[in-house]
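Chains as they are written, first to last, in the numbering used here: chain F, 2 to 346; chain P, 2 to 639. The block underneath contains the structure these notes are about, expressed in structure tokens.
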Amino acid sequence: MKALMSLGALVGVIGILLLGGMIFNVVPSTTVRLVEGYMPMQMLFELTCFVAGFAGLSYMMNAMGMPFPRFWQGIGFWAFILLYLKYRVYPPIPFSVRAMYGTVSLVAVFMWVSASEEDWKKFKQPIMNVLDAQGGMNKLLRYAYLVLLPILIGGFSYNAMVPKSEEPIELRTVHPAPPASTKVHGKTYTLQTSQNPYRVNQEGKYDQDYTNANIVEQGMGRLMKPNANPWDDKNKGYLKYVREGGEIFFQNCHFCHGDNLNGRGLHAFAFNPIPANFTDPGTIAQLQETFIFWRVSKGGIGLPNEGFPWASVMPPWEQHLTVDEIWKVILFEYWHTGYYPRTWD
Amino acid sequence: MGLLTGKRVFSIMALCMMVGLLLLPIVIALPSPAIGEEAPAGDAAKKDGDKVEKGRDVYYKTEGIVVGAPAPKTTDGPKDYPRYNFESRVLIWFANQQHLYYGSFVLAVPIFCMIIEFMGVVTKDKALAKRYDQLAYDFIKISLTAYSLTAILGGILIFTFLTLYPAFFGYLSSIFRPVMHIYALMFVAESGTLYIYYYGWDKMKEGFLKWIHLSMSVVLNIIGTLLMFLANSWIGFMMSPAGVDEQGRYLGNIWHVIHTALWNPLNLHRILGNMAFGGGVVAAYAAYKFLAAKTDEDRAHYDWMGYIAMALGVAFLIPLPFAGYWLMREVYAYRQQMGITLMGGLLAWLFIIQATMIGILFLSSNYYLWQAMGRMRGAEKYQRYIKYLVFLLICGFLVFITPHTMVMSPAELKAMGGQQHPVLGNFGVMSAKNGGINVMITTTVLSFIWYMRGNKVSTVSWAKFGNIFMGVFFACAYINIIWLAIYGYYIPANVRVGLSVPQVATTLSCLFFMFALNSVMMRGAKQMGAIEWGKISVRSQYALIMLATAFTWMMALMGYIRSSVRLFWHVNEIMRDNSPWAYTHTVGFAANMISFNVLFFWISILFVFWMGSLGAKKVPVEAKAGIPGSVPQPAASH
Chain F
2 MKALMSLGAL
12 VGVIGILLLG
22 GMIFNVVPST
32 TVRLVEGYMP
42 MQMLFELTCF
52 VAGFAGLSYM
62 MNAMGMPFPR
72 FWQGIGFWAF
82 ILLYLKYRVY
92 PPIPFSVRAM
102 YGTVSLVAVF
112 MWVSASEEDW
122 KKFKQPIMNV
132 LDAQGGMNKL
142 LRYAYLVLLP
152 ILIGGFSYNA
162 MVPKSEEPIE
172 LRTVHPAPPA
182 STKVHGKTYT
192 LQTSQNPYRV
202 NQEGKYDQDY
212 TNANIVEQGM
222 GRLMKPNANP
232 WDDKNKGYLK
242 YVREGGEIFF
252 QNCHFCHGDN
262 LNGRGLHAFA
272 FNPIPANFTD
282 PGTIAQLQET
292 FIFWRVSKGG
302 IGLPNEGFPW
312 ASVMPPWEQH
322 LTVDEIWKVI
332 LFEYWHTGYY
342 PRTWD
Chain P
2 MGLLTGKRVF
12 SIMALCMMVG
22 LLLLPIVIAL
32 PSPAIGEEAP
42 AGDAAKKDGD
52 KVEKGRDVYY
62 KTEGIVVGAP
72 APKTTDGPKD
82 YPRYNFESRV
92 LIWFANQQHL
102 YYGSFVLAVP
112 IFCMIIEFMG
122 VVTKDKALAK
132 RYDQLAYDFI
142 KISLTAYSLT
152 AILGGILIFT
162 FLTLYPAFFG
172 YLSSIFRPVM
182 HIYALMFVAE
192 SGTLYIYYYG
202 WDKMKEGFLK
212 WIHLSMSVVL
222 NIIGTLLMFL
232 ANSWIGFMMS
242 PAGVDEQGRY
252 LGNIWHVIHT
262 ALWNPLNLHR
272 ILGNMAFGGG
282 VVAAYAAYKF
292 LAAKTDEDRA
302 HYDWMGYIAM
312 ALGVAFLIPL
322 PFAGYWLMRE
332 VYAYRQQMGI
342 TLMGGLLAWL
352 FIIQATMIGI
362 LFLSSNYYLW
372 QAMGRMRGAE
382 KYQRYIKYLV
392 FLLICGFLVF
402 ITPHTMVMSP
412 AELKAMGGQQ
422 HPVLGNFGVM
432 SAKNGGINVM
442 ITTTVLSFIW
452 YMRGNKVSTV
462 SWAKFGNIFM
472 GVFFACAYIN
482 IIWLAIYGYY
492 IPANVRVGLS
502 VPQVATTLSC
512 LFFMFALNSV
522 MMRGAKQMGA
532 IEWGKISVRS
542 QYALIMLATA
552 FTWMMALMGY
562 IRSSVRLFWH
572 VNEIMRDNSP
582 WAYTHTVGFA
592 ANMISFNVLF
602 FWISILFVFW
612 MGSLGAKKVP
622 VEAKAGIPGS
632 VPQPAASH
């Protein structure tokens with residue numbers, strides 16, 4: 002047990018030193034990299050290690066007869082989480098999300114320090130000492146709080162109310178609900194039931210499983226499956242259509258959406274927001290092919306009312322591409338990212 | 002003996018009368034389905050000549066003879082939308098929400114009474130049986146005052162509809178004419194049954210008569226549930242109409258109109274939701290009485306009452322997210338755009354608020370259980386591990402509330418390098434959220450098990466093996482849930498949706514198997530000390546109040562979301578809302594309105610509680626003898 006706690010304590014100390022180093026730019030922020038594809042679990046794993054580390058640290062300090070007061074444990078842990086979110090996670094997390102996480106962490110700290118009566122007494126003791134102000138130092142602190150707290154609250158209020166020149170916060174609807182049907186080149190497509198006519202097997206029949214088996218592998222590298230190279234001239238059917246879709250993509254779309262389909266094309270940074278990142282699991286991986294068909298055909302100008310603030314400069318591609326070309330581009334996007342379009346069966 | 006036989010006969014007659022009341026509306030309604038495909042309208046039309054107009058059901062795609070008028074095409078003006086100098090929609094919203102709160106409460110509480118009364122009847126410990134019986138009686142007493150208020154609010158709602166939305170209500174009542182009459186008759190049956198059940202309590206408190214009384218509560222709850230199902234058919238029709246053609250003309254099949262795509266998921270979701278809500282409100286009542294109590298006896302009683310109500314509420318809260326998941330799945334299957342509007346589009350941020358409220362419910366429940374361990378001697382051994390449960394809960398919660406579409410300024414958007422955050426964006430999709438909520442529920446189950454064994458030490462010979470097995474089972478459950486959440490990113494969406502089944506199965510396995518195993522292990526366990534009812538921190542009581550407030554807030558929020566998803570339709574894709582208020586409110590306005598509704602409900606229910614306490618003051622001393630006080634609660638009852 003003691004060895005385990007010592008190991009935990011070591012992890013805790015290293016973690017604190019690393020984070021401190023990153024905050025003060027002593028340690029490069031890339032020392033422990035967030036690895037693409039594993040970042041969400043890496044973050045949760047790191048936090049788990051820190052909790053284990055702090056538990057070990059607390060245990061060791063107790064064992065050495067230098068217990069760390071519960072009050073400062075709670076405050077310290079909360080501060081650590083805030084700093085972790087601010088300085089460790091990159092790219093920067095928007096304030097609204099950090100505020101949510103910070104509040105939840107505060108609740109967590111409260112639940113932890115007040116889970117038992119004994120712990121709660123320990124935690125609130127320093128607060129009670131200051132309020133009771135029996136000693137000289139506590140009296141001084143109480144006066145300091147009496148002056149500082151109103152100033153602090155006043156400062157926050159002033160800051161909240163003072164007119165700012167910043168652009169307002171936007172509650173953007175990234176994937177607005179599509180219409181039930183859409184008319185492209187004179188033909189009406191029902192979005193719930195239409196299918197990509199090029200998602201076919203070697204017999205030319207619509208086959209989701211066949212095409213799913215031939216997309217690139219997910220994860221790092223995005224490698225092609227053996228015998229599923231669309232640029233092999235001998236290919237027919239699905240892989241041939243993927244190649245044709247790829248050609249259309251690189252002639253029309255990659256300038257903005259990028260040659261890795263990650264939304265970082267040549268022109269991407271002229272826009273805010275930058276174009277959609279198809280490799281993110283929150284974009285095409287969540288949607289039906291017909292949704293993409295509708296968005297590509299109608300472009301930013303065709304966004305419905307709820308697509309506020311309509312922050313999309315994508316042209317309505319129905320004015321430049323045929324229906325077949327649009328379907329083939331979509332086929333290519335799914336193939337290249339290794340994602341499967343959403344289906345309902 | 003003769004008196005007893007007379008009572009028996011009387012009780013059986015009363016029960017038969019209730020069953021009769023239950024069946025009466027159905028018998029009266031029997032001719033109504035005949036209006037459908039074959040009968041009167043069709044016959045009449047045939048007699049008149051060949052002018053039989055047929056229409057195609059918008060949902061069932063079956064053909065039927067048109068027997069109703071098309072949905073009115075309303076225009077903004079005093080004819081279709083008469084109004085005060087105020088937004089009519091807000092008035093309807095308020096009336097509807099208050100009626101729903103009270104309706105849910107009076108439907109949920111009798112179900113609690115039934116469960117608690119049954120526990121009292123089957124418990125062998127006479128003192129405990131008496132306590133359960135008294136508790137059930139206390140519950141129904143609260144419900145009775147709320148019942149009349151429900152009826153009053155229902156009347157206000159109808160009048161508000163009639164006066165502010167006459168065209169819409171006229172259309173709805175023309176479709177649901179027989180259903181509305183059945184509803185009214187069921188209400189009469191519910192009232193009659195409730196009064197007999199309440200006033201017959203003392204007369205039927207022992208032996209065979211008690212079983213008759215218990216049967217009455219079953220009948221009462223069947224009527225109540227059917228009432229709710231009928232009301233649900235109206236909102237189901239508004240969201241996913243069926244039984245009418247494209248113009249909204251009724252095609253004569255009343256079952257199609259009732260049995261719409263969303264009716265059954267709504268029914269299940271509302272039953273569970275009502276129960277959880279009812280538990281929360283009663284728990285808050287008990288918490289309020291605990292905080293105001295002046296004697297140890299009162300504190301002990303209300304502590305126990307709060308615990309029972311909370312346990313019942315949480316028992317129904319645990320399956321609630323799964324029922325919600327089914328409802329959303331059906332919404333997506335019905336109309337993809339409706340699903341996207343809800344969870345990915347216009348209303349997505351309200352779902353984040355909902356996720357936050359669900360999280361608060363689980364956090365409050367867990368916190369209460371940890372606090373409740375404080376009233377048991379021997380539970381200290383679990384205290385040092387609570388921080389790890391907090392961590393698990395909070396990790397699940399953080400993932401669960403991470404928005405898919407983050408609120409940010411354009412500068413933040415630019416700094417982030419795109420709309421999707423590469424780390425947190427992954428938490429914003431369903432696969433991660435399923436993992437998050439299942440981790441939270443499993444942790445709640447674990448907290449419950451710790452609570453149940455708090456003051457006990459198992460004496461079975463295989464106790465060590467049992468403990469290790471439980472530990473490994475929970476560890477495997479967590480690993481399985483998290484692994485499936487990660488795996489969900491690597492498979493097609495239709496398979497991913499199916500992954501929720503093994504995740505839910507894992508969670509429910511923990512619930513059922515571990516509860517069962519724990520009960521077997523704790524049979525004949527050594528008690529470290531009695532549960533000292535009343536000796537619980539005041540923080541726990543605030544947790545109960547928090548639980549109830551979160552329930553009420555979430556209920557109002559979800560009602561608003563469900564209603565708003567129709568966007569500018571009174572009846573989705575059939576009858577358009579042409580009033581000036583056919584737009585979706587801002588999130589801020591909706592939140593304020595929801596808060597106002599919650600506040601109003603709590604103020605009014607305090608009034609109901611106060612009324613209940615006035616009645617209690619008149620109870621003679623001997624009737625209070627059975628009220629539980631400092632009698633220690635046998636731990637086996639948990």
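Just so it is clear, CB atoms sit at the ideal spot from N, CA and C, and this is done for glycine as well.
| So, is TYR340/F buried or exposed, given that buried needs 16 or more other C-beta atoms within 10 angstroms? | As a first step, residue 340/F is located in the first sequence; it is residue number 339 there, counting from the start. By the 10 Å Cβ count, TYR340/F comes out buried.
| query | What first and last residue would you give for the beta strand (DSSP E) that runs through THR104/F? | reply | Your numbering for residue 104/F matches position 103 in the first sequence. Run containing THR104/F: none in the beta strand (DSSP E); it sits in the alpha helix (DSSP H), 96-114.
| message | To be precise: take each residue of the segment 514-541 of chain P, compare its Cβ to all Cβ atoms of chain F, and keep it if any distance is under 9 Å. Which residues remain? | response | SER538 and ARG540
| request: Please report the residue range of the beta strand (DSSP E) in which GLU64/P lies. | output: Numbered from 1 along the second sequence, position 63 holds the residue referred to as residue 64/P. Per DSSP, GLU64/P belongs to the beta strand (DSSP E) from 64-66.
| Of the residues that make up the segment 221-252 of chain P, which ones have a beta carbon closer than 9 Å to any beta carbon in chain F? | none
| field | Whole runs of the beta strand (DSSP E) within the segment 133-208 of chain P, excluding any shorter than 3 residues | value | none
| task | Find the residues of chain F that neighbour GLY307/P, judging by a C-beta separation of less than 7 Å, and give them in chain order. | result | Taking the second sequence and counting its residues from 1, the one referred to as residue 307/P is at position 306. Chain F residues near GLY307/P: none, gap ~18 Å exceeds 7 Å.
| message | So that I know if they touch, is there some Cβ in chain F lying closer than 8 Å to that of LEU347/P? | response | Your numbering for residue 347/P matches position 346 in the second sequence. Yes, because at least one Cβ of chain F sits closer than 8 Å to the Cβ of LEU347/P.
| query | Any idea if PHE169/P is buried or exposed, counting beta-carbon neighbours within 10 angstroms, 16 or more meaning buried? | reply | In the second sequence, counting from the first residue as 1, residue 169/P sits at position 168. By the neighbour-count rule (16 or more Cβ atoms within 10 Å), PHE169/P is buried.
| Distance between HIS268/F and LEU364/P (C-alpha atoms, nearest Å) | Here residue 364/P refers to the residue found at position 363 when the second sequence is read from its first residue. Here residue 268/F refers to the residue found at position 267 when the first sequence is read from its first residue. Near 46 Å, if we compare the C-alpha coordinates of HIS268/F and LEU364/P.
| request: Taking 8 Å as the threshold, find out whether the segment 316-330 of chain F comes into contact with the segment 292-305 of chain F through three or more Cβ pairs. | output: yes
| request: Locate the beta strand (DSSP E) running through TRP570/P, then write down its first and last residues. | output: One-based indexing of the second sequence puts residue 570/P at position 569. From DSSP, the beta strand (DSSP E) with TRP570/P extends over 570-572.
| query | Which word fits CYS17/P, buried or exposed, when buried means at least 16 other C-beta atoms lie within 10 angstroms of its C-beta? | reply | As a position in the second sequence, residue 17/P is number 16, starting the count at 1. By the 10 Å Cβ count, CYS17/P comes out exposed.
| query | Taking the alpha helix (DSSP H) that LYS3/F falls in, what are its first and last residues? | reply | Reading the first sequence from its first residue, position 2 is the one you call residue 3/F. 3-24 is the extent of the alpha helix (DSSP H) around LYS3/F.
| query | Given THR212/F, which residues of its chain have a CB within under 6 Å of its CB, disregarding the five upstream and five downstream residues? | reply | The count along the first sequence starts at 1 and reaches residue 212/F at position 211. Here the set comprises ARG200 and TYR239.
| Helix, strand or coil for GLU171/F per DSSP? | If you number the first sequence from 1, residue 171/F lands on position 170. GLU171/F falls in the strand class under three-state DSSP.
| query | LEU48/F: buried (16+ other C-beta within 10 angstroms of its C-beta) or exposed? | reply | Working through the first sequence from its first residue, we reach residue 48/F at position 47. The residue is buried, with at least 16 neighbouring Cβ atoms inside 10 Å.
| task | Specify, as a first and last residue, the run of the alpha helix (DSSP H) that VAL502/P falls within. | result | The residue you call residue 502/P lines up with position 501 of the second sequence. 494-510 is the extent of the alpha helix (DSSP H) around VAL502/P.
| Buried versus exposed call for ILE153/P [16 or more other C-beta atoms within 10 Å across all chains shown] | If you number the second sequence from 1, residue 153/P lands on position 152. Label assigned to ILE153/P: exposed.
| First and last residue of the alpha helix (DSSP H) that includes LYS125/F? | Within the first sequence, the letter at position 124 stands for residue 125/F. Taken as a continuous stretch (DSSP letters only), the alpha helix (DSSP H) holding LYS125/F covers 118-133.
| query | Taking any Cβ of chain P, which residues in the segment 169-180 of chain F have a Cβ under 9 Å from it, in chain order? | reply | PRO169, ILE170, GLU171, LEU172, ARG173, THR174, VAL175, HIS176, PRO177, ALA178, PRO179 and PRO180
| said: Measuring only the C-alpha atoms, how far is GLU512/P from MET523/P? | reply: If you number the second sequence from 1, residue 512/P lands on position 511. If you number the second sequence from 1, residue 523/P lands on position 522. According to the sequence provided, residue 512/P is Leu. The question's Glu does not apply to it. Rounded to the nearest angstrom, the two C-alpha atoms are 16 Å apart.
| field | Residues of its chain near GLU247/P, where Cβ-Cβ distance is below 7 Å and the 5 sequence neighbours each way are ignored | value | Counted from its first residue, the second sequence places residue 247/P at position 246. Cβ neighbours of GLU247/P beyond the five flanking positions: VAL59.
| message | Distance check for VAL502/P and ILE604/P, CA to CA, integer angstroms please. | response | Within the second sequence, residue 604/P is the residue found at index 603, counting from 1. Within the second sequence, residue 502/P is the residue found at index 501, counting from 1. ILE604/P and VAL502/P: Cα-Cα distance of roughly 41 Å.
| Around the Cβ of ALA145/F, are there at least 16 other Cβ atoms within 10 angstroms (buried) or fewer (exposed)? | Taking the first sequence and counting its residues from 1, the one referred to as residue 145/F is at position 144. By the 10 Å Cβ count, ALA145/F comes out exposed.
| query | SER144/P versus chain F: which residues are under 8 Å apart at the beta carbon? | reply | As a working note, residue 144/P is residue 143 in the second sequence. By Cβ distance, chain F contributes nothing, its closest Cβ being about 33 Å from SER144/P, past 8 Å.
| If you compare alpha carbons, which of LEU215/P, GLY225/P and SER580/P is closest to LYS80/P? | Position 79 of the second sequence, counting from 1, holds the residue named residue 80/P. Answer by Cα proximity: SER580/P.
| query | Given ILE24/F, which residues of its chain have a CB within under 7 Å of its CB, disregarding the five upstream and five downstream residues? | reply | Taking the first residue of the first sequence as position 1, residue 24/F is located at position 23. These residues qualify, in order along the chain: LEU84 and TYR88.
| DSSP three-state call for SER241/P: helix, strand or coil? | Taking the first residue of the second sequence as position 1, residue 241/P is located at position 240. Reduced to three states, the DSSP call for SER241/P is coil.
| task | Using a Cβ cut-off of 9 Å, pull out every chain F residue sitting near HIS405/P, in sequence order please. | result | Sequence index remark: in the second sequence, residue 405/P carries index 404 (1-based). Result: VAL175, HIS176, GLY283 and GLN287.
| said: By alpha-carbon positions, which one of GLN421/P, GLY467/P, GLY225/P and GLY249/P ends up nearest to ILE66/P? | reply: In the second sequence, the residue the question calls residue 66/P occupies position 65. The residue with the shortest Cα to Cα distance from ILE66/P is GLY249/P.
| request: Report the neighbours of TRP113/F on chain P: residues whose CB is nearer than 8 Å to its CB, in chain order. | output: Here the question's residue 113/F lines up with position 112 in the first sequence. What TRP113/F touches in chain P: ILE387, LYS388 and VAL391.
| request: Determine the direct distance from the alpha carbon of ILE236/P to that of ALA549/P, and round the result to whole angstroms. | output: Position 548 of the second sequence, counting from 1, holds the residue named residue 549/P. Position 235 of the second sequence, counting from 1, holds the residue named residue 236/P. Near 25 Å, if we compare the C-alpha coordinates of ILE236/P and ALA549/P.
| field | Limits of the unbroken beta strand (DSSP E) element including VAL185/F | value | The residue you call residue 185/F lines up with position 184 of the first sequence. 182-185 is the extent of the beta strand (DSSP E) around VAL185/F.
| request: Check the Cβ-Cβ distances between SER97/F and every residue of chain P, and say whether any is below 8 Å. | output: Reading the first sequence from its first residue, position 96 is the one you call residue 97/F. Yes, its Cβ sits closer than 8 Å to a Cβ of chain P.
| task | Compare the C-beta of GLU334/F against all C-beta atoms of chain P and say whether one is closer than 8 Å. | result | Numbered from 1 along the first sequence, position 333 holds the residue referred to as residue 334/F. For GLU334/F, the answer is no, since every Cβ of chain P falls outside 8 Å of its Cβ.
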